[in-house]
Amino acid sequence: MPPPNQALPPSAFFTTLLSLLSLEQASEVGESTVILSATPPSTLARVGLAILNLSIQSLKTGLGGRSVVELGLDSAVVSKDSNGELPEHGLRTGDIVRLGDMPKGTAKKKEVNELKGKGVEGVITRVGQRAVWVALGKEGGDDVEALSDGKLWLVKLANDVTYKRMNQALTKLLKTPETSYTTLQRVLLGLSPPRAPDPERAKDIVFYDPTLNASQQDAIRFALSSPEIALIHGPPGTGKTYTLIELILQLVRQNQRVLVCGPSNISVDNIVERLALTSPSTSIVRLGHPARLLPSVLNHSLEILTRTSEAAEIVSDVRKEMDEKQASIRKTRNGRERRAIYADLKGLRKEYREREARCIDGLVKGSKVVLSTLHGAGSHQLRSEQFDVLVIDEASQALEPQCWIPLAFGGGSVRKLVLAGDHLQLPPTVKSTDNKENKADKKAMMKTLVEELTKLAVKDEEIKAARNWSLETTMFDRLLAMYGSGIKRLLNTQYRMHEKIMRFPSDELYGGELVAADAVKTRLLTDLPYEVRATEDTTEPLVFFDTQGGDFPEKTEDDTGGQLTRSLLLGDSKSNEMEGALAAVHVKNLIEAGVREEDIAVVTPYNAQLAILSSLLKAKYANIELGSVDGFQGREKEAVVVSLVRSNAEHEVGFLGERRRLNVAMTRPKRHLCVIGDSETVSRGSPFLKRWMKFLEDNADLRYPGLQDLRSG
């Protein structure tokens, strides 16, 4: 971590970020390559990175004239029981994938590996229960003719588009002379201090939502009156998104043009959905493919607007002709006829792109609010656009280089930046930090970085700061360290958790400033809007199963002999079968008391434990949600069971000691939190963990389970 208030010169800062980014990309691509090359397709499918036995159901024309294939299970493998539903998988909208021919069951290892490298790359545009849709080809390309009519498989690839955009943005800024930086960029780089808020900018505002609490109203006034930067700190359940919606509407009322970004499709779509519902008359455009297919989101996406707006007529006739050509490909088996159709399609695609570009340009220019992912803000559609304010949601989960994309390209004219997030929850995932395989790469990168900084005549103390820099340091973290809490406003009323669940994270991480809203502070599972019996579980907001004593030992996967891939897929590979069984018993008791499956989640920090929980629970309770703590950030459920896993004689806790990870785990539930863990092991991990165990012993319904308790399951 850089020392507080340490601002590197811009050239040194961007050079450092570029070096760290190259190492991160090498780690991600290297990991992906190892997994894909060393793992059979069946294993990749089992861990959710691939879908097997697919066939093309239909072909359509998508944004950019690219062919969009609808893929469903091949009819030869559809059983009566499955009803054609795809097996469980981890592929999501926006994922980069490769689609290719399935290796035959008789194929030798060499043939399988050869087929793995072949196929067509594409982007998932939609995921359904029975089908997945993929836009084929990289930017500007389309290789539908390379696909056969046989069985196909889909596998997730490392995403290099985001890295390209981040590198382009940082390189552009590195080449920009300091004299050409905007006032906002100078503040962000520590070259000029932020100016004091101007109360006149927020004077006499009338709130669209009169139910906003005092801290939310204060945050909005602060963001409106700040000339350059404002940080909105939104702890779990404090209505951060509602606050941002109000802020965006107030900015539009002041005739400001707003660019809204987030690190993921979900973070952006949450805002699109709420904004469209709150103010249907506000002209908004969502760039990219929305991850949610709700009408309120879709109606504002370029994908739909290029079909439904008045300007869409200029592209509709070409699209129709392309769709007819796509359909005719499926009907003909004659090679010469197919080649002729592909040649026609190529010409039509060029004409379509030209017409569509004019249509999109008009749609984007006519919008007061444009929304996209951070890397989407680097697309050509925003390169010439002008914005007054940039709002970045979930800024604490975004890599700093991602945040510079809209500041360098989309909205390069931006005068004000509003960052919203919670730096006390998990930072973005940085694979190069924990990658033990890349020590040599790190050493080489650091040597090159020092040489480059020395050429730039950077001072020794600044070189030292650069060497200690990490991509885990977000822009939110850095600005807070540089300028202090005067640039931040805290949302202090939370609408999610029972007061007893909220108390420890509030006292430990938020200075005791969080307050539970009256509507949630005492509500229990027995107060759900359906019948739940009063039991020792449903009447308790906080339960702690203390497994100390050695009956619930953790297990470490055997990482010897060809287990590298397994280790990469399962992360730290810690599991605890007895804890898993205890979690299953507790879930069974909740469900028997009347709590619905869809209102319960079981989470754990370890992927190996997640596999055990899945084997114990998924077949019995199809609608229960299972997840890693990291993957559950931003989510909530009525009841959450947390399995801590660690229980060993050495009292080692590993990455369980990360306060921000535990903050996520303990702030997901609304009415009931059940923690399962060995206090003897966990309390030795850190002073924070010791205080948490003491809090649970003093405030939770404390239980000491034995092996006999597992038999009731």
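Under mature numbering (1 follows the signal peptide of the UniProt record, and there is no 0), residues -26 to -1, 1 to 687 are what the sequence shown spells out, in order. Don't be surprised by glycine CBs; every beta carbon is placed ideally from N, CA and C.
Asp434 has its alpha-carbon roughly 14 Å from the corresponding atom of Met420. Counting of Cβ neighbours within 10 angstroms places Asp451 among the buried residues, the total reaching 16 or more. DSSP places Arg497 outside both helix and strand once states are collapsed to three, so it counts as coil.
With contacts defined by Cβ atoms closer than 7 Å, Ala508 and Thr496 do not form a contacting pair. If you look at His63, you'll find it isn't in any beta strand (DSSP E); DSSP assigns it neither H nor E. Secondary structure of Leu221 (DSSP, three-state): helix. The C-beta of Val180 has fewer than 16 other C-beta atoms within 10 Å across all chains shown, which makes the residue exposed. Under DSSP, Leu233 shares a beta bridge with Val344, Leu364. With contacts defined as CB atoms closer than 7 Å, Trp378 and Thr(-11) fail to qualify as a contacting pair. Rounded to the nearest whole angstrom, the CA to CA distance from Leu483 to Ile194 is 23 Å. In this chain, the alpha helix (DSSP H) harbouring Gln682 covers 681 to 684. Rounded to the nearest angstrom, the gap between the Cα atoms of Pro171 and His63 is 48 Å. The beta carbon of Asp525 sits closer than 7 Å to the beta carbons of Met552, Gly680, Leu681 from its chain, once the five residues preceding and following it are set aside; these are given in chain order. Unbroken beta strand (DSSP E) runs of no fewer than 3 residues, entirely contained in the stretch 604 to 687, are found at 611 to 617, 643 to 651, 675 to 677, following chain order. Comparing alpha carbon positions, the residue from Pro61, Leu165, Leu(-9) closest to Leu23 is Pro61. If you draw a 10 Å sphere on the C-beta of Val43, you find 16 or more other C-beta atoms in it, and that means buried. Per DSSP, reduced to three states, the secondary structure at Trp378 is helical.
Gln371 counts as buried, since at least 16 other C-beta atoms from the protein chains shown sit within 10 angstroms of its C-beta. Going by beta carbons, Phe519 and Leu556 fall inside the 7 Å limit.
Inter-residue distance for Asp511 and Ile475 is about 15 Å (C-alpha atoms, whole angstroms).
Counting C-beta atoms within 10 angstroms of its own C-beta, Thr185 has fewer than 16 neighbours from the protein chains shown and is therefore classed as exposed. Just so you know, the alpha carbons of Glu671 and Gly554 end up roughly 21 Å apart. The beta carbon of Ile598 sits closer than 8 Å to those of Val561, Glu571, Glu572, Ile574, Ala575, Val576, Leu591, Lys592, all from its chain and outside the five residues before and after it, given in chain order. In its chain, beyond the 5 residues on either side, Val404, Lys405, Ser406, Leu445 have a beta carbon closer than 7 Å to the beta carbon of Glu(-3). For Leu584, the CB contacts under 8 Å within the same chain, skipping 5 residues up- and downstream, are Thr578, Leu600, Gly601, Ser602 in chain order. Of the other Cβ atoms in all chains shown, fewer than 16 fall within 10 Å of the Cβ of Asp178; this residue is therefore exposed. For the pair Pro479 and Gly631, the Cα-to-Cα distance works out to about 15 Å. According to the DSSP assignment, Glu599 belongs to no alpha helix (DSSP H) but to the beta strand (DSSP E) extending over 599 to 602. Annotation: Ser358 is outside any alpha helix (DSSP H) and is labelled neither H nor E by DSSP. When C-beta atoms of the stretch 227 to 239 are compared with those of the stretch 627 to 644, fewer than three pairs fall below 8 Å, so the two segments do not count as touching. Per the coordinates, the alpha-carbon of Leu205 lies some 9 Å from the alpha-carbon of Ala369.
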